[in-house]
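If you read the protein sequences in the order shown, they are chains A and B. Count along the first sequence from 1, then add 1; that gives the number in the numbering used here. Count along the second sequence from 1, then add 13; that gives the number in the numbering used here. For every residue, glycine included, the Cβ atom is placed at its ideal position computed from N, Cα and C. Just so it is clear, the structure is predicted and the values come from calculations on it, not from any experiment.
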Amino acid sequence: MSGTSPNSHRIASDKPFLLGLAVLGGSYLLIIAAMVLADLVYLNYGDRPVLGPERLQQGRYTGGETTVAVEPGRRYFFRRGENEAGLRAGNQTLTRDGSFRADGGTVTLLPRAQEQAAPITASLRPEARVRGIVLSNDVATVTTDVVHGQLWGEFLRVSGADAPGWNGVHEITHTTTNQLSFAVAAGTAAVGSLSLSRPNPLVQALRSRDIRFSIKLSLVSCTLTTLLSLWVAVPIGYVMSRFEFRGKPVIDTLLDIPIVLPPLVVGLSLLILFRYMPEWLSDAVVYKWPAVVLAQFMVACAFAVRTMRVTFDQIPQRFEQVALTLGCNRRQAFWRIIMPQAKGGLLAAGTLAWARALGEFGPILVFAGATRQKTEVLPTSAFLELQAGRTEGMLAVSLIMIAAAVVVFLIARTLGMKRIFA
Amino acid sequence: MIALDKITLRQGDFELCDVGLELSASEYGVLMGRSGCGKTTLLEAVCGLRNIESGKIILGDRDVTTLPPAERGVGYVPQDRALFPTLPVREQLAFALVLRSLGQAAIADRVGELAELLGLADLLDRMPDRLSGGEAQRVALGRALAHRPSVLCLDEPLAALDEELYGEMCRLLERVHQETGVTILHITHSPSEARRLAGCHFCLADGKVTRNE
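As structure tokens, this is what we get:
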């Protein structure tokens, strides 16, 4: 009979439900955090040595361990391949990438036990040593004892010099197979010894003229795009939210086209459109920086319009109606009553447009090209780095973009907070 | 006075046809009727917030049928009060006066007057989200009265107030009516409210307004 008593009603625990929410929501959050963290962790922030040519011949492991001749007293950098277990040098064994000092005349490559006759996949390269330093006309020319493989426009970190003006990061202005030249400050005294290393990719990226330009262009174009987008999105959002008129569904569809179209197609369409423009206009825009802004604007603005429309939709018409009875015309009601309430939405739309613009790549590539120091924005830089086979450089550019996005979001959040606490 | 002469208005499937209503100057009129019978719509038409298809609206001694809401000289208190969320009470009260480019001193005087009439003196610097229901209602009333309209339109001003506040607001409305002499059109569901406040009862049913003294 207890089944009918009012006290007998028991409900199942909420734990499985809450756990389910946590698992589903948490897994996504975890991926986001892990993604960003992986970028930050993957990049090796240490300087790298300037390395000479490869010492390992192509070949196979025929009789197990293989010895390689090295120069005693020299430092080598060992990179383990997929067929190696490690490297033995004297009494030390390296099982992961790193540099070591060769004491004897040989080192031993240790293949994985089961891999008989597998190809050699490791790499062993000597660290370049400085042979001579010549200073003339404030240009230092350093001769290395091996072929160094550095390129013009890359950066070197000089350390261990005992005169001022030497230590620090320098841009390579000239190279030959075993010589590197870089400018030093006027009046710098000569030194007898120094050591060279390559700064980490982040420093390389931040020092590079091309990437500095692309950072600047990205920041300027994104800001310009954001301002233009808000300029357009506020009136369109307001009209679409407040007024009913013929053809509204058509306009609604038109506004969504940049969102549903593949971005690349937006760029192509712009390019085609400018074939029909007067020549002076298309000369001024296509493959120049205005094309970057226009390409970003076409996509970013659509998102800003959406956001502003939702913002205005959420502000009841009552406020305007009361303002109208109190003596406002529509313009006054908009500026005095509606816009102050739309500040949060405006901030959200601006942030969204900025972030969209920062990540825009396809349409810019098609409509503005990827010319260094002209139409190169950060995503273009990342792409060019990847194309040149510099994954780490691409990662460095990505980190710059992450940093820029984080800064903008923090600014937006802070402004948003002010609004809430005021 | 308020005079609605053969007003026809349509909103979707809803329709009011040939509606008439007359209220003399300084009278307190209450308009009753079932939910959804068009009371609010009619009030909005008086305020100019809804277009009418035909008929005439006369407020005071002017035909305002074609005038925008701003020029009709009405005070409007919607059911949800619609206090402007970004303005403190003082600026809500001063809103209509600032629009009329009054001097600072004149505005301050008028705001002080309203604050005293409605008991808002301590609340002038509050934001609307920090007001109780009764306080918000008084601010909305003050905001609508600030520019000395000839007509005050109240949409269920006493709904959702507890009993104590209800009595207080009734007394306040009576006082406002006496002191300002404004013509009031008040919408309500409650017959007791109508009996207590109104000099003049209207009933809206089946698209027709009937007057019962």
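Query raised in the report: So, helix, strand or coil for R373/A, using DSSP?
Result: Reduced to three states, the DSSP call for R373/A is coil.
At a CB distance below 7 Å, what residues from the segment 169-193 of chain B approach chain A? Give them in sequence order. Answer set for the segment 169-193 of chain B: empty.
> Is it buried or exposed for G351/A, if we count other Cβ within 10 angstroms and need 16 for buried?
Replying inline: Around the C-beta of G351/A, 16 or more other C-beta atoms lie within 10 Å, and the residue is accordingly described as buried.
> Taking V378/A as the reference, which of M241/A, V287/A, L220/A, F304/A has the closest Cα?
Replying inline: Of M241/A, V287/A, L220/A, F304/A, the residue nearest in Cα terms is L220/A.
Checklist entry - Going by the beta-carbon positions, is the gap between Q426/A and P98/B smaller than 7 Å? => result One cannot answer for residue 426/A here, as it falls past the ends of chain A, which runs 2 to 423.
Point to revise | Proximal chain A residues relative to T79/B, where beta-carbon distance stays under 8 Å | key: Listed by position along chain A, the residues whose Cβ is nearer than 8 Å to that of T79/B form an empty set, because the closest Cβ is around 15 Å away.
Fill in: Length of the line joining the Cα atoms of F410/A and E206/B
E206/B has its alpha-carbon roughly 53 Å from the corresponding atom of F410/A.
* Asked: For the putative contact between A313/A and G238/A, defined by C-beta atoms under 8 Å, what is the C-beta separation to the nearest angstrom?
  -> The sequence given here places Phe at residue 313/A; Ala does not occur at that position. That pair is a contact at about 5 Å.
Would a check of beta-carbon distances place F362/A closer than 7 Å to chain B? So no, F362/A is outside the interface.
Closest Cα partner of P127/A within the set G161/A, E72/A, Q93/A: Taking only the C-alpha atoms, the option nearest P127/A is E72/A.
Checking the sheet assignment: what are the DSSP bridge partners for Q180/A? Answer is T144/A, T177/A.
Using a Cβ cut-off of 7 Å (strictly closer), state whether F422/A contacts chain B. With a pLDDT of only 46 at F422/A, under the threshold of 50, the placement of this residue in the model should not be trusted, and no figure is reported.
H214/B (DSSP reduced to helix, strand or coil):
Three-state DSSP puts H214/B in a strand.
Okay, do the segment 183-201 of chain A and the segment 146-164 of chain A touch, 3+ Cβ pairs below 8 Å being the bar? Put simply, the segment 183-201 of chain A touches the segment 146-164 of chain A. At least three CB pairs are less than 8 Å apart.
**D104/A burial status per 10 Å Cβ neighbour count (16 or more: buried)** = So D104/A counts as exposed.
**Asked** Is it buried or exposed for W281/A, if we count other Cβ within 10 angstroms and need 16 for buried?
**Response** With fewer than 16 other Cβ atoms inside 10 Å of its own Cβ, W281/A counts as exposed.
Checklist entry - Which residue or residues does DSSP assign as beta-bridge partners of M45/B? => result T201/B, C216/B, per the DSSP bridge assignment.
ask   = How big is the Cα-Cα spacing for R151/B and F215/B?
value = For R151/B and F215/B, the distance between alpha carbons rounds to 25 Å.
Taking Cβ to Cβ, would you say A129/A is nearer than 7 Å to G47/A?
No; because the gap between Cβ atoms is not below 7 Å, this pair is not in contact.
Item to complete: Identify which residue in T376/A, F18/A, V108/A, I339/A has its Cα closest to the Cα of F78/A.
Response: Nearest Cα to F78/A within the set T376/A, F18/A, V108/A, I339/A: V108/A.
Does the segment 119-128 of chain B come close enough to the segment 169-185 of chain B that 3 or more CB-CB pairs lie under 8 Å? Result no; under three Cβ-Cβ pairs closer than 8 Å.
List the residues of chain B that I33/A touches, going by C-beta distances under 7 Å, in chain order. Within chain B, no residue has its CB atom less than 7 Å from the CB of I33/A, the nearest being about 33 Å off.
Using beta carbons (cut-off 7 Å, strictly below), is P250/A in contact with chain B? Not one beta carbon of chain B lies nearer than 7 Å to the beta carbon of P250/A.
**Request:** Determine the chain A residues that contact H160/B at a beta-carbon separation under 9 Å, and present them in chain order.
**Result:** Going along chain A in sequence order, the residues near H160/B (Cβ under 9 Å) are L327, G328.
In the DSSP assignment, what are the bridge partners of L22/B? Per DSSP, L29/B.
field: Residues that Q93/A bridges to, as DSSP identifies them
entry: Answer is A90/A.
Check: The alpha helix (DSSP H) with F79/A in it runs from where to where?
Finding: In the DSSP assignment, F79/A falls outside any alpha helix (DSSP H) and lies within the beta strand (DSSP E) extending over 76-80.
Outcome for F244/A when other beta-carbon atoms lying within 10 angstroms are tallied against a minimum of 16: With fewer than 16 other Cβ atoms inside 10 Å of its own Cβ, F244/A counts as exposed.
- prompt: At which residues does the alpha helix (DSSP H) containing Y179/B begin and terminate?
  reply: Taken as a continuous stretch (DSSP letters only), the alpha helix (DSSP H) holding Y179/B covers 176-193.
A234/A and A305/A closer than 7 Å at C-beta:
Against a cut-off of 7 Å, the Cβ pair of A305/A and A234/A comes out as a contact.
List, in chain order, every chain C residue whose beta-carbon is nearer than 8 Å to that of V124/B. Absence of chain C from the displayed structure is noted, the protein chains being A and B.
Quiz item: When the Cα of D74/B is compared with those of E104/B, E35/B, N64/B, which residue comes out closest?
Solution: Of the candidates E104/B, E35/B, N64/B, the residue whose Cα lies closest to the Cα of D74/B is E35/B.
**Q.** Under 8 Å (Cβ pairs) to chain A, residues found in the segment 41-66 of chain B
**A.** Per Cβ criterion, the list reads E57, C60, G61, L62.
From which residue to which residue does the beta strand (DSSP E) around I120/B run?
Counting along the chain, no beta strand (DSSP E) covers I120/B; the unbroken alpha helix (DSSP H) around it starts and ends at 117-131.
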